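Notes for the one structure printed next.
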Amino acid sequence: MKKLLIALALILAPLASEAQVKTPQASPKGYIKQTVGLTDVEVTYSRPGARGRAVFGNLVPFGKLWRTGANENTIINFSDDVVIDGKTLKKGKYAIYTVPRIESWDIIFYLSTDNWGLPENWSDAYVALKTTVKEDALPTPVETFTIGINGLDPNFGYLDISWENSHVALKFEVPTAKIAVASIDKALAGPTWNDYFNASQYLFQSNGNIETARTYVDKALDMSSDKPYYVSRLKSLIQAKQGDKKGAIETAKASLASAEAANNADYVKLNKDSIAEWSR
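With mature numbering (1 follows the signal peptide of the UniProt record, and there is no 0) applied, the sequence shown corresponds to residues -19 to -1, 1 to 261, in that order.
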């Protein structure tokens, strides 16, 4: 009997360790991603419910710093610099903190994003941007705390925050025109030296047209001001494949010199080995 109980314990132990009790979160996780113009904006946050409680002025006191949601930080991420209230907020990830009031809210973008709720030690040095927006009373209560990105325009959008009977909308401007013009200028200027290098490398590695690969790598070297060692290395390999070992050695020597100047031991060895092989 004792042996049977031990056997059963050994069988059931792994099952017990793998068992997990699953229950719904009181404040479920929310996630939104929205492209505004050409800028991606992402928000990750927890969504508490009112559940019959008075929210602002009670659950969330007026005039005090609030985590703007529940649990971990509410986090917003901008793929480009944006402008808020005439001030530039650099692209990147921020925690959103707020100070709700009856007629207005302070909205704070905070650099530290790994806190549970409010930071243990608040630092004004981490405040990337702070602004104040007008509070609008909602005619119909919002049961679940909600953040949205609305009022979309190619050049701006609004970060909407709603809960209970309160709503605030923060306008942020995105650099659509700047990005579009830069893209147009780049396209009209034609391929860069790096584009030619990538095209040449692809043709060489995929056993494509070797003559075209040589044309592209020559263009890459002509257009680049510092003649990168890895581009010269590619040209030497192409020359060797074309049967021009003399030319390949000379190009490999140029790549070797650049690699030594850059302290790149891998390319130094590659070029020395190739020069020795092609010199036989």
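Don't be surprised by glycine CBs; every beta carbon is placed ideally from N, CA and C. Being a predicted model, the structure only gives us computed values, none of them experimental.
Ranked by how close their Cα comes to the Cα of Lys216, the residues Ala246, Tyr183, Gln1 and Ala243 have Tyr183 in first place.
For Trp86, no alpha helix (DSSP H) run applies; the uninterrupted beta strand (DSSP E) run containing it begins and ends at Ser85 to Tyr91, by DSSP. DSSP assignment within the region 7 to 68 yields the following whole beta strand (DSSP E) runs of 3 residues or more, N-terminal first: 10 to 17, 20 to 27, 56 to 59 and 63 to 65.
CA-CA distance, Thr196 to Gln220, rounds to 11 Å. Taking one beta carbon from each stretch, the region 16 to 26 and the region 53 to 61 have 3 or more pairs nearer than 8 Å; the two touch.
By the neighbour-count definition (other C-beta atoms within 10 Å, threshold 16), Ser85 is an exposed residue. Straight through space, the alpha carbons of Phe178 and Glu241 are spaced by roughly 21 Å.
Asn54 counts as buried, since no fewer than 16 other beta carbons sit within 10 angstroms of its beta carbon. Between Ala194 and Ser181, the C-beta spacing is below 8 Å.
DSSP places Trp144 outside any alpha helix (DSSP H); the residue lies instead in the beta strand (DSSP E), whose first and last residues are Phe137 to Glu154. In the assembly as shown, Asn252 is a buried residue. Its beta-carbon has 16 or more other beta-carbons within 10 Å. The C-alpha of Ser213 lies about 14 Å from the C-alpha of Lys222. When secondary structure is reduced to three states using DSSP, Asn131 falls in the strand class. For Ala76, the uninterrupted beta strand (DSSP E) run begins and ends at Gly73 to Pro81, by DSSP. With 16 or more other CB atoms across the displayed protein chains lying within 10 angstroms of its CB, Ile65 is buried. Of the candidates Thr127, Ala118 and Leu92, Thr127 places its Cα closest to the Cα of Thr49.
Boundaries of the alpha helix (DSSP H) harbouring Ser164: Thr157 to Ala170, taken from the DSSP string. Residue environment analysis places Ala233 among the buried positions, since at least 16 neighbouring C-beta atoms fall within 10 angstroms of its C-beta. The Cβ-Cβ distance between Ser239 and Lys200 does not fall below 8 Å. When secondary structure is reduced to three states using DSSP, Thr94 falls in the coil class, being assigned neither helix nor strand. Of the other Cβ atoms in all chains shown, 16 or more fall within 10 Å of the Cβ of Gly138; this residue is therefore buried.
Rounded to the nearest whole angstrom, the CA to CA distance from Ser93 to Leu70 is 15 Å.
Under the Cβ criterion (8 Å, minimum of three pairs), the region 6 to 19 counts as touching the region 28 to 41.
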